[in-house]
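Novice: This structure is in C-alpha cells; I'll ask about it shortly.
Protein chains: 2
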Amino acid sequence: MEDDLSTLPAYIKDSRLLFETWLSRLVAIPTVSSDPAHDPDITKGVASAVRLLETFGLSTTVVETGGNPIVVGTLLQDPAYSTILVYNHMDVQPASGEWGTDPFILTRRGNDYIGRGATDDKGPALTVLFAIKYARSRRIPLNFKVVWEFEEEIGSPHFDEFVKTHRKELAAESVVVSDTVWLSDDKPVLSIGLRGLLTFELYLQTGVTDVHSGMAGGPTRNPIAELAQIICECYDAKSGHVHISGFYDGVRPVSSDELQTLRTSGFSVQKFMQDLQLFSLRSQEPIEVQQSIMLRPTFEVHSIAGGYTGTGIKTVIPSSATAKLSVRLVPDQRPTETFQKIKRFIQNRNPDITVRRQNSCEPYLAKLDGPYLKAAEIATHYAFAAQPALVREGGSIGSVMSMSAHLQVPILLLGISLPKHGYHAPNEHFDWQQAAGGIKLFAKYFSEIAKIS
Amino acid sequence: MEDDLSTLPAYIKDSRLLFETWLSRLVAIPTVSSDPAHDPDITKGVASAVRLLETFGLSTTVVETGGNPIVVGTLLQDPAYSTILVYNHMDVQPASGEWGTDPFILTRRGNDYIGRGATDDKGPALTVLFAIKYARSRRIPLNFKVVWEFEEEIGSPHFDEFVKTHRKELAAESVVVSDTVWLSDDKPVLSIGLRGLLTFELYLQTGVTDVHSGMAGGPTRNPIAELAQIICECYDAKSGHVHISGFYDGVRPVSSDELQTLRTSGFSVQKFMQDLQLFSLRSQEPIEVQQSIMLRPTFEVHSIAGGYTGTGIKTVIPSSATAKLSVRLVPDQRPTETFQKIKRFIQNRNPDITVRRQNSCEPYLAKLDGPYLKAAEIATHYAFAAQPALVREGGSIGSVMSMSAHLQVPILLLGISLPKHGYHAPNEHFDWQQAAGGIKLFAKYFSEIAKIS
C-alpha cells in the first residue's frame with residue numbers, strides 16, 4: 168500500500184488559523200497544576216480539552232483521580248485496525264519571572280506564538296491532534312487513544328494509578344509522547360531515555376519570631392545560613408558534584424555508542440548558551456555539557472526563603488527558613504533510595520532540619536522496537552529532512568515510566584520543541600514552522616505505523 | 168538645692184491617657200524608612216512630630232537633608248542654664264512576619280502597647296518628652312534640644328552631615344539617647360558601647376532568564392547555590408565564626424572589668440531565650456552568649472532571593488540571585504576596611520559576584536564623664552530601684568557615632584526597652600511600667616544634671 172499524503176501540505180496550510188485559534192484558547196486558561204489557587208482553571212482546562220477533542224471527532228471520557236482529572240479521547244475507526252496511544256499534558260508551569268507579554272494571552276510575533284504552555288505542552292498536543300484529524304480524513308487505518316494529563320508539571324502523582332486501573336481501556340500497540348526538545352534548531356531527537364526527578368524541601372525553625380540582629384546577633388542561630396551550609400555540604404555549586412554518600416550508586420556507565428552519538432550530534436555549546444541565554448557554563452566541553460544534561464544526575468537548589476525580601480535590608484535574623492531542591496536521576500538510580508540517602512546525610516549533620524519529600528518520578532530508558540524506530544526515522548526525514556539523534560533527554564516525564572510499566576508496549580518520544588522555545592522559562596513560545604513540521608511528522612508517522620502488522 | 172519631685176508620681180499617673188493617645192497617633196503612621204513606598208508616611212510622620220513637640224511647648228525646625236528630614240525641637244528656658252540634647256528616632260522597621268494584630272494600629276493589652284515602633288523608638292521618645300514637659304512645669308533649670316531622626320533604621324545616612332553642619336545649633340553640655348535595651352526585665356543598662364553595622368548585598372546573574380532544570384540542569388550554573396556557597400566560605404553558620412582574612416583585626420581585647428560586669432549582670436541564658444522565643448543557641452554559656460552579643464562582631468545573612476518562592480516547587484534554575492547580609496562591628500573595627508576585606512575575599516573566589524555596599528555605621532565606645540554617669544546611676548535607682556549595668560550594647564546607632572565625633576560631649580545611652588519587647592520583630596510592644604518608670608528616670612536625671620556646673 169502506497170501512502171497518499173499528497174493533500175497534506177494544503178491541509179497544513181489551511182489549518183493555520185484554526186491552530187492559532189485553539190492554541191490561544193488553551194493558553195488563555197492558566198492550568199498551573201502546582202498552585203491550588205488555579206484549581207478552577209484546571210476545571211476550565213478540562214472542559215476546554217473535552218470540547219477540543221470532540222470538535223476533532225473524538226469521543227471523550229473525563230477520568231477523575233485523587234488529583235486533577237485526566238481527559239481521554241478515543242477515535243475508533245475499525246476494531247481491526249491497530250491502536251496508537253497519544254500522550255500529552257495540558258497543565259503548565261507557573262508564569263513567574265519577567266515576561267515581555269501577558270503569559271496567558273497568546274501573542275503572535277511573526278511565526279512565534281508566545282505564552283505559558285505554548286511549547287510545553289499545549290502546542291505539541293494540538294499539533295498531534297491536527298495530524299490525527301488528517302489521518303481520520305484520509306482514512307489511515309489506525310485507531311487513536313488520546314490521553315491528556317493535568318498533573319505532569321507536578322510529577323504526575325496520580326498517573327501511575329490511572330494507567331494501572333485503566334490498563335484495558337488504554338491498551339494500544341504503541342505509545343507516542345510529544346513533550347521533548349530537539350538538540351538544536353536543526354537536529355531532531357528521538358528520545359530514548361529520560362531523567363527521573365525527586366523534589367524535596369528543607370525546613371529549619373530556630374525560634375518563634377524574627378529577632379533583632381543587634382540585640383541577639385552572635386549567639387542566635389541563623390536558619391538561612393544553616394540551610395545554605397547544609398546545601399553546600401550536599402554538593403559543590405561550582406562543579407555540580409554531589410557529596411552525598413552513595414548518591415551516584417546505580418548510575419549506568421555510558422556506552423561508547425552513546426558517546427559516539429553525542430560526538431556526532433552537531434551539538435554546539437555556543438548555540439546552547441545562545442538558545443538558553445546563559446552567560447557561562449560549568450564546562451565548555453561539548454561532550455561534557457551533553458553528558459551532564461542527558462546522562463548524569465543533578466542536584467539543584469531552587470529557592471531559599473526566609474527573612475525579609477522587600478526593598479532595602481532588614482537586619483533581623485529570621486526564625487525559620489525553607490529551601491526547595493530537586494535532583495534529576497538517571498538509570499538505574501531510584502527516587503526512594505536517593506531520598507533516603509539525602510535525608511540521612513542532612514539529618515546526620517543538622518538534626519533540626521526537616522527534610523520533606525515532594526514529588527518524584529523514575530528515570531526511563533527505552534527498549535525500542537525495530538519497526539517503530541524505523542517509522543519515526545522515516546517520518547522525521549519526511550517532515551524535517553533530517554536524521555533524528557537517538558539520545559537521552561535531560562528532563563523527566565513521570566507518565567512515561569508508568570505507561571512503560573503497565574502497558575508494556577514501545578513508547579516513542581517524538582518531540583517538536585526547540586531549545587530556544589524556553590521550556591519553563593519566561594517568554595515561552597512555540598512556532599508555526601515546528602507546528603507545521605510536526606503535523607507532517609505525525610501524519611507520516613501514523614501512516615507508517617499503520618503498516619506494521 | 169534639694170529636688171522637689173514630689174508631684175512626679177501624680178503627674179505620671181495623670182499622663183497615661185495622653186501618653187497612650189500620642190503613642191497611638193505615632194504608631195498609626197508607618198514611617199518605614201527602608202521602603203520608598205513609605206515616603207508619604209515619612210512626610211506625615213514629620214508633620215505629626217512637629218505637632219507633638221509644639222503641643223508640649225517646644226519650638227520646632229524641620230531640617231531637610233539629602234534623605235528624610237530631621238525634626239528639631241527647642242525648649243530654651245534661660246540662656247544661663249546648661250543644655251541637654253535628647254536624641255530619638257521616629258522611623259521604624261518594616262512590619263513583616265506574622266503579627267497577631269495590625270502592626271500600625273496600636274493595640275493595648277493590659278499594660279502592653281503592641282505596634283511597630285512602640286518600643287523602637289516611638290515609645291521611649293514619647294517617654295523622654297513627658298519628662299521634659301514635667302521638667303518645664305517644675306522649672307528644672309535646663310534647656311532642651313530634641314532631635315528626632317527619620318533614617319535611623321537605615322543606618323542614618325544623612326545624620327553625620329546634619330550634625331556636622333548644625334554643630335552650633337545643636338551645641339549642648341551632654342546628650343541622652345534612649346534607644347537601647349535592658350539586659351533583662353529587672354536589669355537596667357547604661358550602655359557604654361554600641362556595635363557598628365555594615366550592610367551589603369551580593370548579586371550574581373548567570374543568564375537572562377530562568378531555565379528548565381531538565382533541559383539544562385548539569386552544565387548550567389545555579390546562582391542561588393553559588394551565593395549559598397560563598398556565604399558558607401565567608402563564615403561557619405553553626406559557630407558564627409568568620410573565615411574572611413583579617414576580619415577580626417582591630418577587635419579590642421576584653422578587659423577583666425568588662426568580663427566581671429558580665430559575670431555579675433544577672434544575665435540568664437534561659438531568660439534570654441524565653442524573651443526572644445528562641446529554641447536553641449550557638450552556645451549555652453552565659454558569658455559566651457553575652458560576649459558574642461556585646462563584644463564580638465557578627466556575620467549574618469538576612470535573605471537569599473532568586474527563583475520561584477510560590478506554592479509548590481518550580482524546577483527551574485534561576486537566572487540570578489541576590490543575598491542580603493550584614494556584619495556588626497566592635498571597636499576598633501572599621502566599616503570601610505571591613506567591606507574591602509569582604510569584597511576582596513568574595514571576588515577572589517567568585518569574580519562574577521557583585522558585592523554592593525549598603526549602609527554602615529561605626530562602632531562606639533563611650534568615655535564617660537564622672538558626674539553624668541553618677542546622675543544616671545542616681546536616676547536609675549530612683550526610678551527602678553536598681554543599679555544599672557555598664558555594658559556595651561549589641562545593636563548599632565549610627566547617630567551616636569556622629570554626635571560623639573562632632574559635638575564632643577558625653578553621650579548617655581539610657582534605654583528603657585526590655586528584651587521581650589521585640590525590637591524589629593513581629594508583635595513589637597512597649598508597656599506602661601517602662602513608660603512610667605522612664606518618665607521618672609528622665610525627670611530625675613534632668614534634675615540631677617541641672618546641678619552639674
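So the protein lines, in turn, are chains A and B. Each step along the first sequence adds one to the number in the working numbering, with nothing skipped, and position 409 is 576. Each step along the second sequence adds one to the number in the working numbering, with nothing skipped, and position 2 is 169. Just so it is clear, CB atoms sit at the ideal spot from N, CA and C, and this is done for glycine as well.
Measure the C-alpha to C-alpha separation of H588(A) and G360(A) and round it to an integer number of angstroms.
Specialist: As a position in the first sequence, residue 588(A) is number 421, starting the count at 1. As a position in the first sequence, residue 360(A) is number 193, starting the count at 1. Taking the straight line from one Cα to the other gives about 21 angstroms.
Novice: Can you tell me which residues form a DSSP beta bridge with L492(A)?
Specialist: The count along the first sequence starts at 1 and reaches residue 492(A) at position 325. F367(A) and V468(A).
Novice: Are there any heavy atoms of the ligand MN lying less than 7 angstroms away from the beta-carbon of Q575(A), as far as the coordinates show?
Specialist: You won't find the ligand MN in this model; it holds no ligand whatsoever.
Novice: Measure the beta-carbon distance from P593(B) to G264(B) and round it to whole angstroms, keeping in mind my assumption that it falls under 8 angstroms.
Specialist: Here residue 593(B) corresponds to residue number 426 of the second sequence, with the count starting at 1. Here residue 264(B) corresponds to residue number 97 of the second sequence, with the count starting at 1. Going by Cβ atoms, the distance from P593(B) to G264(B) rounds to 4 angstroms, so yes, they are a contact pair.
Novice: Using the three-state DSSP reduction, which class does A556(A) fall into: helix, strand or coil?
Specialist: As a first step, residue 556(A) must be located in the first sequence, where it is residue number 389. Three-state result, A556(A): strand.
Novice: Going by the beta-carbon positions, is the gap between L535(A) and P577(A) smaller than 8 angstroms?
Specialist: Your numbering for residue 535(A) matches position 368 in the first sequence. Your numbering for residue 577(A) matches position 410 in the first sequence. Yes. Within cutoff.
Novice: Any C-beta of chain A within less than 9 angstroms: which residues of the stretch 371-388 of chain B qualify?
Specialist: The residues in question are Q372, T373, G374, V375, T376, D377, V378, H379, S380, G381, M382, A383, G384, G385, P386, T387 and R388.
Novice: Tell me which same chain residues have a C-beta within less than 8 angstroms of the C-beta of S435(A), skipping the five on either side of it?
Specialist: Here residue 435(A) is taken as the residue at index 268 of the first sequence, counted from 1. Only S351 and P453 meet the Cβ criterion.
Novice: So what does F311(A) bridge to, in DSSP terms?
Specialist: Counted from its first residue, the first sequence places residue 311(A) at position 144. Beta-bridge pairing links F311(A) to L242(A) and I251(A).
Novice: Interface residues of chain B around H591(A) at Cβ under 9 angstroms?
Specialist: In the first sequence, residue 591(A) corresponds to position 424, counting from 1. Simply D377, V378, H379, S380, G381, M382, K481, T482 and V483.
Novice: Where V497(A) and L365(A) are concerned, what is the direct C-alpha to C-alpha distance, given to the nearest angstrom?
Specialist: As a working note, residue 497(A) is residue 330 in the first sequence. As a working note, residue 365(A) is residue 198 in the first sequence. Spanning the two alpha carbons is a distance of roughly 11 angstroms.
Novice: From the DSSP output, in three-state form, read off G181(A) for me.
Specialist: Counting from 1 along the first sequence, the entry for residue 181(A) is found at position 14. It is worth fixing the name first, because residue 181(A) is Asp in this sequence and not Gly. Correct three-state label for D181(A): helix.
Novice: At a CB-CB cut-off below 7 angstroms, which residues of chain A make contact with S136(B)?
Specialist: Examination of residue 136(B) is not possible in this model, given that chain B is present from 168 through 620 alone.
Novice: For R276(B), which residues in chain A fall below 7 angstroms Cβ to Cβ?
Specialist: As a working mapping, residue 276(B) is identified with position 109 in the second sequence. None at all; the shortest Cβ gap to chain A is about 16 angstroms.
Novice: Does the beta-carbon of Y612(A) have 16 or more other beta-carbons within 10 angstroms, so that it is buried, or is it exposed?
Specialist: By one-based count along the first sequence, residue 612(A) stands at place 445. The residue in question, Y612(A), is buried, as its Cβ has 16 or more Cβ neighbours within 10 Å.
Novice: Shorter than 8 angstroms from the beta carbon of T366(A) to some beta carbon of chain B?
Specialist: By 1-based counting over the first sequence, the position of residue 366(A) is 199. Interface residue, yes.
Novice: Determine, using beta-carbon pairs with one atom in the stretch 332-340 of chain A and one in the stretch 555-569 of chain A, whether at least three such pairs fall under 8 angstroms.
Specialist: Touching, no.
Novice: Give the list of continuous beta strand (DSSP E) stretches no shorter than 3 residues that lie fully inside the stretch 331-361 of chain A.
Specialist: 341-344 and 356-361
Novice: From the DSSP output, in three-state form, read off S263(B) for me.
Specialist: Walking along the second sequence from the start, residue 263(B) turns up at place 96. Reduced to three states, the DSSP call for S263(B) is coil.
Novice: What do you reckon, are the CB atoms on F466(A) and C401(A) nearer than 8 angstroms?
Specialist: Here the question's residue 466(A) lines up with position 299 in the first sequence. Here the question's residue 401(A) lines up with position 234 in the first sequence. Yes, the pair counts as a contact, with Cβ atoms nearer than the cut-off.
Novice: At the 8 angstroms Cβ level, is F446(B) part of the contact set with chain A, yes or no?
Specialist: Position 279 of the second sequence holds residue 446(B). Output row for F446(B): interface = yes.
Novice: Quick one: what's got a C-beta closer than 7 angstroms to K180(B)'s C-beta in the same chain, skipping five residues either side?
Specialist: Position 13 of the second sequence, counted from the start, is the residue given in the question as residue 180(B). Result list for K180(B): empty, nothing under 7 angstroms.
Novice: For S173(B) and V194(B), I'd like the C-alpha separation in whole angstroms.
Specialist: Sequence index remark: in the second sequence, residue 173(B) carries index 6 (1-based). Sequence index remark: in the second sequence, residue 194(B) carries index 27 (1-based). Using only the alpha carbons, I get a separation of about 32 angstroms.
Novice: Which complete alpha helix (DSSP H) runs does the stretch 424-452 of chain A hold, if anything under 4 residues is left out?
Specialist: 436-443, all fully within the stretch 424-452 of chain A.
Novice: For the candidate residues F223(B), H325(B), L242(B) and H591(B), whose alpha-carbon lies nearest to that of K312(B)?
Specialist: Within the second sequence, the letter at position 145 stands for residue 312(B). With distances taken between Cα atoms, K312(B) lies closest to L242(B).
Novice: Roughly how many angstroms separate the alpha carbons of S614(B) and I545(B), rounded to a whole number?
Specialist: Position 447 of the second sequence holds residue 614(B). Position 378 of the second sequence holds residue 545(B). For S614(B) and I545(B), the distance between alpha carbons rounds to 11 angstroms.
Novice: Would you please state the rounded distance, in angstroms, between the beta carbons of S323(A) and G565(A)? I believe it to be under 8 angstroms.
Specialist: Counted from its first residue, the first sequence places residue 323(A) at position 156. Counted from its first residue, the first sequence places residue 565(A) at position 398. Right, their Cβ atoms sit about 4 angstroms apart.
Novice: Does the contact criterion of 3 or more C-beta pairs under 8 angstroms hold for the stretch 417-428 of chain A versus the stretch 384-392 of chain A?
Specialist: No, because fewer than three Cβ pairs between the stretch 417-428 of chain A and the stretch 384-392 of chain A fall closer than 8 angstroms, the two stretches do not touch.
Novice: Compute the Euclidean distance between the alpha carbons of F512(A) and Y590(B), then round it to the nearest angstrom.
Specialist: Working through the first sequence from its first residue, we reach residue 512(A) at position 345. Working through the second sequence from its first residue, we reach residue 590(B) at position 423. Approximately 37 angstroms between the Cα atoms of the pair.
Novice: The alpha helix (DSSP H) with F613(B) in it runs from where to where?
Specialist: Within the second sequence, numbered from 1, the residue matching residue 613(B) stands at position 446. Taken as a continuous stretch (DSSP letters only), the alpha helix (DSSP H) holding F613(B) covers W599 to I616.
Novice: Going by beta-carbon coordinates alone, are L369(A) and A490(A) separated by less than 8 angstroms?
Specialist: The sequence position of residue 369(A) within the first sequence is 202, counting from 1. The sequence position of residue 490(A) within the first sequence is 323, counting from 1. Pairing L369(A) with A490(A) gives a Cβ-Cβ distance under 8 angstroms.
Novice: Residues in the stretch 341-360 of chain A with C-beta within 7 angstroms of chain B's C-beta atoms, listed in sequence order?
Specialist: V348
Novice: Mind pulling the chain A residues with CB within less than 7 angstroms of P453(B)?
Specialist: Here residue 453(B) refers to the residue found at position 286 of the second sequence. The contacting residues do not exist; P453(B) stays about 10 angstroms from chain A at best.
Novice: Check T268(B) in the structure and name its three-state DSSP category.
Specialist: Residue mapping note: residue 268(B) aligns to position 101 of the second sequence, counting from 1. DSSP places T268(B) in coil when its eight states are reduced to three.
Novice: Just the C-alpha distance for E169(B) and K618(B), rounded to the nearest angstrom, thanks.
Specialist: The residue labelled residue 169(B) in the question sits at position 2 within the second sequence. The residue labelled residue 618(B) in the question sits at position 451 within the second sequence. Any reading at E169(B) must be qualified, since the residue scores a pLDDT of 49, below 50, and its modelled position is unreliable; the value itself is stated next. Each residue's Cα considered, the two are about 10 angstroms apart.
Novice: May I have the straight-line CA-CA distance separating S406(B) from T521(A), to the nearest angstrom?
Specialist: Indexing the second sequence from 1 puts residue 406(B) at position 239. Indexing the first sequence from 1 puts residue 521(A) at position 354. Each residue's Cα considered, the two are about 20 angstroms apart.
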